[in-house]
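Going by this note's numbering, the letters in the sequence shown line up with residues 35 to 462, in that order.
Take a look at the structure set out below.
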Amino acid sequence: MSVMAIVGAQWGDEGKGKVIDELASRADYVVRYQGGGNAGHRVVHGDDEFAFHLVPAGVLHPNVICVIGNGVVVDPRGLLHEMENLRQLGVDLDRIVISERAHVVMPYHFVLDRLEEESRGVEHLGTVMRGIGPAYVDKYSRVGIRMADLLDVDHFRSKLSAVLAQKNRMITQIYGQSALSLEEIHTEYVGYAQRLRAHIRDTESILQKALGERRAILLEGAQGALLDIDFGTYPFVTSSSTVAGNASTGAGLPPRSIDHVLGIYKAYITRVGSGPMPTELFNGEGDALRAAGREFGTTTGRPRRCGWFDAVAGRFVARLNGFDSVAIMKLDVLDSFSAIKICTSYRLNGRELHAPPANHNDLAACEPVYEEWPGWQAPTTDATCWDDLPEKARRYLRRIEALLGTPLALVSVGPGRGKTVHLRELVL
Ligand code: IMP
């Protein structure tokens, strides 16, 4: 096997960073295929903790080539900042390559993300304000600026001048704010391009060559399937396709080159930003999950909304992505609970639903139907194999596995490297 896609199966923040970091020890390439600086992967490494937004989580392994794929939108300032932090930690930055086809997040995207959010009022999406939505809008409107454009100073200037005139009309005439300066942006971004030049490459060829050599390639998803632009809780979603189907397009690899799709779930569920969340807990149990799971955003620091495992959304996502196996993360967060619930269906206007409705008002009106499982009330964090887990924890996990209809490959019992129970070998 050579290519594995790792996909978030909830609303992001499932713990993909940890899984990728562990699997990357056997990988040659780790490739981000969508999203941008809105992502936040927290990886715990000994006493150190690292937060990644754009650089693929495999960067801490000295032999891994980290690719920022064509499907990603890149804020060069944020990326350079992240690279500088990594350099100070002694990480070799030559291993980071960026697709020349990746779109650039420009200053007007940040401004418009904020202005559009403010204009939505109570209907705001709760974006992370990293310009992601406006950058993808420009990509699909065919006025986006790509990494390759930045490298040609005159060509960049003429593209920027045309698009900035349009953006400044929006910023000044619709939102009544000050126009942005062409000169300032041009100078700033030409500077970034100079610093990034050596990293900007034809990454699809690099990856296709690696594929031919049967190298081990991990495709790293950002956010989660419930934030997918098509299948998520639209419009409370991110602006990219987060599901496995986009892993090939966003990396520049053929769809049939993907040998295994691994879905990452938490043993409960969280969400940041707005939008329906049927199993959200507004009581002390939600607070207890937040405290035990340190559920605060890596990118924004916002407290995450917490709830019980939603197997309705979970199974919908497992089927959409065709997961070959799944990981259940943060099991240890549930260690102290005396009872744990799993949502097995939704009730809407007297009907029982087994998949999330497309209309977000309907989803918001869905009541979760729960089954209750006894808590194990014992520490799991030192478990190193399946039999080390308390029997009640094993029963809980087996129930989730059955509801998802997908075999369980690993269970995470703590944030650090090695705090993982493997049920089957993931061949890379
Ligand atoms: P955007 O991606 O900044 O446009 O935000 C759209 C929605 O996706 C908001 O609800 C964000 O909170 C959410 N979101 C974006 N990135 C992440 C992530 O990496 N983890 C969790 N939620 C995210």
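Backbone N, C-alpha and C define an ideal beta-carbon position, used for all residues, glycine too.
Being a predicted model, the structure only gives us computed values, none of them experimental.
In the DSSP assignment, residue 442 forms a beta bridge with 360. Checking the DSSP bridge columns, you'll see residue 456 partnered with 444. Nearest Cα to residue 38 within the set 48, 53, 46 and 368: 53. Taking all protein chains in view, the Cβ of residue 207 is surrounded by fewer than 16 other Cβ atoms within 10 Å, so the residue is classified as exposed.
When DSSP states are grouped into helix, strand and coil, residue 160 belongs to the coil group. DSSP, read as helix, strand or coil, puts residue 209 in coil. DSSP lists no beta-bridge partner residue for residue 291. Taking 4 residues as the minimum length, the alpha helix (DSSP H) runs contained wholly in the stretch 82-160 are 110-122 and 141-154, in order along the chain. Distance from the C-beta of residue 167 to the nearest heavy atom of ligand 1 is below 6 Å. By alpha-carbon distance to residue 378, the top candidate from 156, 56 and 406 is 406. Looking only at 442, 281 and 128, the smallest Cα-Cα distance to residue 298 is reached by 442. Within the stretch 248-299, the runs of alpha helix (DSSP H) that reach at least 4 residues and sit entirely inside it are, in chain order, 279-285.
Across the structure, residue 173 and residue 137 are spaced so that their CA atoms are roughly 7 Å apart. Judged by the Cβ position, residue 73 qualifies as a neighbour of ligand 1 at the 6 Å threshold, a heavy atom of the ligand being closer than this. Pairing residue 324 with residue 309, the inter-Cα distance amounts to about 18 Å.
Proximity to residue 183 across 108, 332, 366 and 410 peaks at 108, based on C-alpha coordinates.
Proximity to residue 276 across 265, 286 and 159 peaks at 265, based on C-alpha coordinates. 7 Å or more divides the Cβ of residue 307 from the Cβ of residue 41. For residue 48, the secondary structure class from DSSP, reduced to helix, strand or coil, is coil.
For residue 43, no beta strand (DSSP E) run applies, since DSSP gives it neither H nor E. Annotation for residue 179: no beta strand (DSSP E) segment contains it, and DSSP assigns it neither H nor E.
Judged by their CB atoms, residue 193 and residue 179 are nearer to each other than the 7 Å cut-off. A distance below 7 Å between beta-carbons, with the five flanking residues on each side excluded, links residue 262 to the following residues of its chain, in chain order: 271, 275, 276 and 277.
Residue burial is scored here from C-beta neighbours: residue 273 has at least 16 other C-beta atoms within 10 angstroms and is therefore classed as buried. Per DSSP, reduced to three states, the secondary structure at residue 333 is coil, with no helix or strand assignment. Residue 391 is bridged by DSSP to nothing; it lacks a bridge partner. Collapsing the DSSP output to three states places residue 450 in a strand.
Between the stretch 285-304 and the stretch 232-247 there are three or more inter-stretch CB-CB distances shorter than 8 Å, so the stretches are counted as touching. Using a cutoff of 6 Å, the CB of residue 197 does not count as near ligand 1, since none of the ligand's heavy atoms is closer than that.
DSSP places residue 461 in no beta strand (DSSP E); its state is neither H nor E. Exclusion of the five residues before and after residue 163 leaves 144, 147, 148, 151 and 334 as the residues of its chain whose Cβ lies within less than 8 Å of its Cβ.
Taking 7 Å as the cut-off, the Cβ atoms of residue 414 and residue 365 count as close. Going by beta carbons, residue 295 and residue 202 fall outside the 7 Å limit.
With a threshold of 6 Å, the Cβ atom of residue 44 does not count as near ligand 1, since no heavy atom of the ligand is closer than that. Between the alpha carbons of residue 71 and residue 119 lies a gap of roughly 15 Å. Residue 389 places its beta carbon 7 Å or farther from that of residue 260.
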